[in-house]
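K.L.:
Here the sequence shown is numbered in the UniProt record's numbering, starting from 1 and rising by one per residue.
C-beta: ideal position from N, C-alpha, C; glycine also.
For reference, the structure I am asking about is given below.
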Amino acid sequence: MRRRLQTLVQRKFKILLLFLLLSALLLHLAMDLALPTARRLWSSDGKAPKASGAMVGSPLLAGPKKLSLRILQDFSGSNGSVERSSHPQGAGPKIKDPGVQQQRGDVNRARTKGSKLAALFEHPLYNIPLPEVTDKDKLFVVNPMEKFSLQSSGSDEWVSSSKAEAILPTGKTAYDTYPAWLKFHVGINRYELYPRRDPLMPTLLHDLATMRIVSSVQKSGGTQLKLIMTFPNYGQALFKPMKQSRDQETPMDFFYFSDFERHNAEIAAFHLDRILDFRRIPPVSGRLVNITKEIRDITTDKKLAKTFFISPAGNVCFYGECSYYCSTEHALCGKPDQLEGSVAALLPDKTLAKRRSWRSPWRRSYHKSKKAEWELNPNYCAQVRQTPPYDKGRRLLDLIDMTVLDFLMGNMDRHHYETFEKFGNDTFLLHLDNGRGFGKHSHDEMSILAPLQQCCSIKKSTYLRLQLLATRPYLLSELLREALAADPLAPILTEPHLRALDRRLGKVLEAVGRCLARAARPGEVLVDDVGPWV
Numbered sequence: 001m002r003r004r005l006q007t008l009v010q011r012k013f014k015i016l017l018l019f020l021l022l023s024a025l026l027l028h029l030a031m032d033l034a035l036p037t038a039r040r041l042w043s044s045d046g047k048a049p050k051a052s053g054a055m056v057g058s059p060l061l062a063g064p065k066k067l068s069l070r071i072l073q074d075f076s077g078s079n080g081s082v083e084r085s086s087h088p089q090g091a092g093p094k095i096k097d098p099g100v101q102q103q104r105g106d107v108n109r110a111r112t113k114g115s116k117l118a119a120l121f122e123h124p125l126y127n128i129p130l131p132e133v134t135d136k137d138k139l140f141v142v143n144p145m146e147k148f149s150l151q152s153s154g155s156d157e158w159v160s161s162s163k164a165e166a167i168l169p170t171g172k173t174a175y176d177t178y179p180a181w182l183k184f185h186v187g188i189n190r191y192e193l194y195p196r197r198d199p200l201m202p203t204l205l206h207d208l209a210t211m212r213i214v215s216s217v218q219k220s221g222g223t224q225l226k227l228i229m230t231f232p233n234y235g236q237a238l239f240k241p242m243k244q245s246r247d248q249e250t251p252m253d254f255f256y257f258s259d260f261e262r263h264n265a266e267i268a269a270f271h272l273d274r275i276l277d278f279r280r281i282p283p284v285s286g287r288l289v290n291i292t293k294e295i296r297d298i299t300t301d302k303k304l305a306k307t308f309f310i311s312p313a314g315n316v317c318f319y320g321e322c323s324y325y326c327s328t329e330h331a332l333c334g335k336p337d338q339l340e341g342s343v344a345a346l347l348p349d350k351t352l353a354k355r356r357s358w359r360s361p362w363r364r365s366y367h368k369s370k371k372a373e374w375e376l377n378p379n380y381c382a383q384v385r386q387t388p389p390y391d392k393g394r395r396l397l398d399l400i401d402m403t404v405l406d407f408l409m410g411n412m413d414r415h416h417y418e419t420f421e422k423f424g425n426d427t428f429l430l431h432l433d434n435g436r437g438f439g440k441h442s443h444d445e446m447s448i449l450a451p452l453q454q455c456c457s458i459k460k461s462t463y464l465r466l467q468l469l470a471t472r473p474y475l476l477s478e479l480l481r482e483a484l485a486a487d488p489l490a491p492i493l494t495e496p497h498l499r500a501l502d503r504r505l506g507k508v509l510e511a512v513g514r515c516l517a518r519a520a521r522p523g524e525v526l527v528d529d530v531g532p533w534v
């Protein structure tokens with residue numbers, strides 16, 4: 001009796017299971033048949049299903065508005081209205097201009113990836129074309145079909161190999177075989193250190209962070225210890241070691257000229273410079289260096305080698321030779337031999353590409369009590385405007401760009417700047433040596449803005465980008481946080497430093513606003529360098 005009951009239950013369970021499977025199959029078939037019919041009905045009516053919320057049109061389709069407001073909106077509706085809309089794709093007004101449609105698509109693709117930084121670089125303000133680059137505008141005129149090789153086994157100079165094949169067996173040109181650092185050097189021109197969308201940049205930053213170090217020697221000159229590191233592909237980089245923790249502010253009693261140089265400031269400065277679209281700082285990456293294997297054991301610098309020791313805590317330390325902070329009391333110690341630092345790609349050797357050093361007109365006195373002339377004379381800019389090379393061309397405006405960068409970082413140590421001699425006075429300024437930035441997040445040093453405040457001039461493109469970076473979704477702090485998150489030593493800046501950027505940006509815009517209020521016309525303050533592109 002029990003067996004018969006079990007058999008009956010099993011049969012009923014199997015029948016029930018079979019019925020459920022057949023029901024699911026029928027439901028699936030019914031849905032497949034219904035959907036095409038619904039699509040045909042929608043297309044014949046020319047309408048899509050209604051959605052909650054209304055599509056807001058592109059700013060390009062709206063009526064004419066003030067330029068400063070229009071340009072803050074990218075082609076995808078950067079005010080956030082598109083994200084809030086739930087219209088299906090294809091609803092809303094159509095854009096006939098294929099160029100505009102392409103840019104909208106690019107921005108949308110970037111946003112789907114969740115990158116505000118990628119969306120920023122698709123914005124019209126970051127797509128203003130540069131003048132055509134001719135051979136005379138290039139730092140080096142190189143035949144891309146020409147292969148380079150080492151001059152000799154004992155040399156680190158790359159020279160032309162005229163007998164090399166123009167097209168390699170792999171189908172690549174000789175240029176494709178250049179190491180990343182050499183491509184970086186070859187790409188420098190009159191208008192930029194590297195292009196906005198440089199496909200080389202990720203590779204170059206990766207090389208700086210990971211490539212094997214074959215030599216480490218001390219860089220001569222300077223007030224603090226720096227090392228020149230060489231890689232197997234003969235590229236070189238400038239290493240600045242970590243001297244203080246990220247949350248340690250510069251003491252208020254320190255003079256600007258006696259402050260530490262911070263490795264994380266060099267890293268953050270590179271990314272900030274790129275977000276501002278200046279692109280005048282060589283690529284920089286963070287790196288964790290083994291003091292024993294990557295410095296002490298491979299150095300050929302006898303003076304540096306003498307300064308290594310083991311601390312009482314068992315850590316490997318060294319201090320090198322320099323004007324300040326190179327002593328046992330200020331030694332750099334690993335944990336136990338691991339040390340953080342910034343690694344910056346070196347510019348071409350000065351024997352190949354001469355650079356000229358310029359004393360900044362707004363240089364500080366570097367004295368404990370004396371003040372510079374610009375600190376005492378409110379009309380100092382009128383004197384500067386009559387002095388070459390600031391009396392014509394872009395030089396004064398480029399210097400004010402550098403002033404904005406320094407103010408955002410809190411960098412008071414800008415006594416000189418450099419340019420490539422080949423390009424004369426009509427070229428950008430190199431923003432080098434930024435280690436004394438990001439020292440104080442709780443204080444905004446307004447005197448850094450003196451060139452802007454006294455001259456009341458700024459590039460229109462710079463001003464519009466600063467306006468953009470003060471609005472969502474392009475807040476400067478959020479963009480820099482995203483950029484720095486990819487660095488091997490992240491986090492690079494503490495949150496108070498990131499918040500200070502937004503506060504200081506507001507003060508820069510206020511300074512320009514005061515200049516505009518006093519000017520007879522906006523063109524006296526905003527120097528047009530963009531023409532019809534915005």
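On the CB-based measure, 16 or more other CB atoms within 10 Å of its CB, does Lys370 come out buried or exposed?
P.N.:
Its Cβ having fewer than 16 others within 10 Å, Lys370 is exposed.
K.L.:
Please return the same chain residues whose Cβ sits closer than 8 angstroms to the Cβ of His415, not counting the five positions on each side in sequence.
P.N.:
Closer than 8 angstroms at Cβ, skipping near neighbours: Arg359, Ser360, Arg363, Arg364 and Tyr366.
K.L.:
Have a look at Ile310 and Thr328 and give me their C-alpha separation to the nearest angstrom.
P.N.:
Their Cα atoms are separated by approximately 11 angstroms.
K.L.:
Determine, using beta-carbon pairs with one atom in the stretch 475-483 and one in the stretch 446-453, whether at least three such pairs fall under 8 angstroms.
P.N.:
No, they do not touch.
K.L.:
Can you tell me which of Leu21, Ser115 and Ala500 puts its alpha carbon nearest to the alpha carbon of Asp444?
P.N.:
Cα-wise, what sits closest to Asp444 is Ala500.
K.L.:
Under three-state DSSP, which class holds Lys116?
P.N.:
Of the three classes helix, strand and coil, the one that applies to Lys116 here is helix, per DSSP.
K.L.:
Considering Pro342, what are the terminal residues of the beta strand (DSSP E) in which it resides?
P.N.:
As written in the sequence, residue 342 is Ser, which differs from the Pro given in the question. Looking at the DSSP string, the run of the beta strand (DSSP E) that includes Ser342 is Gln338 to Ala345.
K.L.:
Assuming Val530 and Tyr463 form a contact by the criterion Cβ under 8 angstroms, report the distance between their Cβ atoms to the nearest whole angstrom.
P.N.:
Their Cβ separation, rounded to whole angstroms, is 10 angstroms, which puts Val530 and Tyr463 out of contact at 8 angstroms.
K.L.:
State the Cα-Cα distance for the pair Lys183 and Leu288, rounded to the nearest angstrom.
P.N.:
Near 25 angstroms, if we compare the C-alpha coordinates of Leu288 and Lys183.
K.L.:
Among the residues of its own chain, which have a CB less than 6 angstroms from the CB of residue 560, if the five just before and after it don't count?
P.N.:
A question about residue 560 goes unanswered here, because the residues of the chain that appear run from 1 up to 534.
K.L.:
Determine the direct distance from the alpha carbon of Gly286 to that of Leu489, and round the result to whole angstroms.
P.N.:
Rounded to whole angstroms, Leu489 to Gly286 spans 5 angstroms at the Cα level.
K.L.:
Between which two residues does the beta strand (DSSP E) containing Ser216 stretch?
P.N.:
Note, Ser216: beta strand (DSSP E), Ser215 to Gln218.
K.L.:
Comparing C-alpha positions only, which one of Ala520, Ser215, Gly435 and Leu193 sits nearest to Asp297?
P.N.:
For Asp297, the nearest C-alpha among the options comes from Ser215.
K.L.:
Express the C-alpha separation of Lys459 and residue 539 in angstroms, rounding to a whole number.
P.N.:
The structure shown does not extend to residue 539, since the chain is modelled only from 1 to 534, so the question has no answer here.
K.L.:
What separation, rounded to the nearest whole angstrom, lies between the Cα atoms of Leu272 and Leu408?
P.N.:
In a straight line, the C-alpha of Leu272 is about 9 angstroms away from that of Leu408.
K.L.:
Using the Cα positions of Asn264 and Ala520, report the straight-line distance between them to the nearest angstrom.
P.N.:
Distance between the alpha carbons of Asn264 and Ala520: 43 angstroms.
K.L.:
With DSSP collapsed to three states, give me the class of Met409.
P.N.:
Reduced to three states, the DSSP call for Met409 is helix.
K.L.:
Is Lys240 helix, strand or coil when you go by DSSP?
P.N.:
Note: Lys240 maps to strand in three-state DSSP.
K.L.:
Helix, strand or coil: how does DSSP classify His416 here?
P.N.:
Here His416 sits in strand by DSSP.
K.L.:
Using a threshold of 7 angstroms, state whether the C-beta atoms of Arg190 and Asp137 are closer than that.
P.N.:
Closer than 7 angstroms, so yes.
K.L.:
Please classify Gly439 as buried or exposed, where buried requires at least 16 other C-beta atoms within 10 Å of its C-beta.
P.N.:
The residue in question, Gly439, is buried, as its Cβ has 16 or more Cβ neighbours within 10 Å.
K.L.:
Applying the criterion that 16 or more other CB atoms from any shown protein chain within 10 Å of the CB defines a buried residue, is Asp135 buried or exposed?
P.N.:
Asp135 is exposed by the Cβ-count criterion.
K.L.:
My output table needs one value for Leu35: the three-state DSSP class, helix, strand or coil.
P.N.:
Confidence at Leu35 is low in this model, with a pLDDT of 45, below 50, so the placement of that residue is unreliable and no value is reported for it.
K.L.:
For Cys515, which residues from the same chain have a beta carbon less than 6 angstroms from its beta carbon, with the 5 sequence-adjacent residues on both sides left out?
P.N.:
Here the set comprises Cys456 and Val525.
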